[in-house]
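To start, the structure under review is shown below, and the notes come after it.
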Amino acid sequence: MPRVNRILLSAVLLVLALVIQVSVLGRLQLPGATPDLLMLVVVGLALVYGPMGGCAVGFCAGLLADVAPPSDHAIGRYALVLCIVGYGAGLLKPEGGRQRSALSALGVVAVAAVVSTLLYAMVGALVGDTAARHVGLTGLVFSALLYDVLLAPFTVPLVMLLARRFDGDRAVNETVRGADGGSGLGALARYRTTREPSATPYKKKRALGLAKRP
């Protein structure tokens, strides 16, 4: 069931992000790059699902962007970029899927914005797309970093919250087990259940022994 919940939630969020990306953000005509809402959703899901889940979500998100109009690049180009970004963001997944501070999530978004822009330009150069040279790679990187970091506080925490809600049982179990797989609250509960029954027979034996004395 958690796997089905992940697939359904990821599909809904990716389609919604793509629609907003194409119909709203893509028409703002901002200088430099376009705010990448799809990449922010991938980062938010990867920070909860881990590297493999982030890789799968990133590939699907990039493939959707590759085939959605008005796409003007080779199919698979952005899928490769978001696949790598999703895997890298998943490697930074915190325990239990919860970030200790908002700055850490913003740091992941900042790195993802720079890496995705550079990777997209590099893959484009390999397939003969020289659009990044005409626009200016430095301006693209700076604008992508600025737009994505400004948009992240309104997107990434919400995506992570939804992902934890739909995948709550697994996150709670990982937190309870602890880092070594047997510590934390679960180990404390086992300690109490193994120690408490042994105290009662001991007291009874002491009481019986005193009763037999003359």
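Position 25 of the sequence shown, counted from 1, bears residue number 25 in full-length UniProt numbering, the numbering being contiguous throughout.
Note that CB positions come from ideal geometry on N, CA and C, so glycine has one too.
Proximity to residue i [Cα-Cα], best of the options
{"i": "LEU161", "options": "LEU9, VAL4 and ARG3", "result": "LEU9"}
{"i": "ALA144", "options": "PRO153, LEU80, LEU158 and VAL111", "result": "VAL111"}
{"i": "GLU95", "options": "VAL42, ALA33, ALA46 and VAL24", "result": "ALA46"}
{"i": "ASP66", "options": "PRO31, GLY53, GLY124 and VAL43", "result": "GLY124"}
{"i": "GLY50", "options": "TYR87, MET122, VAL141 and ALA102", "result": "TYR87"}
{"i": "LEU126", "options": "VAL156, LEU92 and ALA74", "result": "ALA74"}
8 angstroms Cβ cutoff met for residue i and residue j
{"i": "VAL149", "j": "LEU106", "result": "yes"}
{"i": "ALA68", "j": "LEU18", "result": "yes"}
{"i": "LEU25", "j": "ALA152", "result": "no"}
{"i": "VAL108", "j": "ALA89", "result": "yes"}
{"i": "TYR120", "j": "TYR147", "result": "no"}
{"i": "GLY58", "j": "VAL22", "result": "no"}
{"i": "ARG6", "j": "PHE166", "result": "yes"}
Buried/exposed call for residue i, threshold 16 Cβ in 10 Å
{"i": "PRO35", "result": "buried"}
{"i": "PHE154", "result": "exposed"}
{"i": "SER183", "result": "Residue placement at SER183 is flagged as unreliable, the pLDDT there being 38, under the threshold of 50; the coordinate-derived value follows with that caveat. Flag for SER183 reads exposed."}
{"i": "VAL172", "result": "For VAL172, the pLDDT reaches just 43, beneath the cut-off of 50, and the residue's location in the model is therefore unreliable, leaving the point undetermined."}
{"i": "SER116", "result": "buried"}
{"i": "VAL15", "result": "exposed"}
Identify every run of the beta strand (DSSP E) within the region 28 to 54, keeping only runs that are complete inside it and at least 3 residues long; order them along the chain.
none
Along the chain, which unbroken stretches of the beta strand (DSSP E) at least 3 residues long are found entirely within the region 67 to 96?
none
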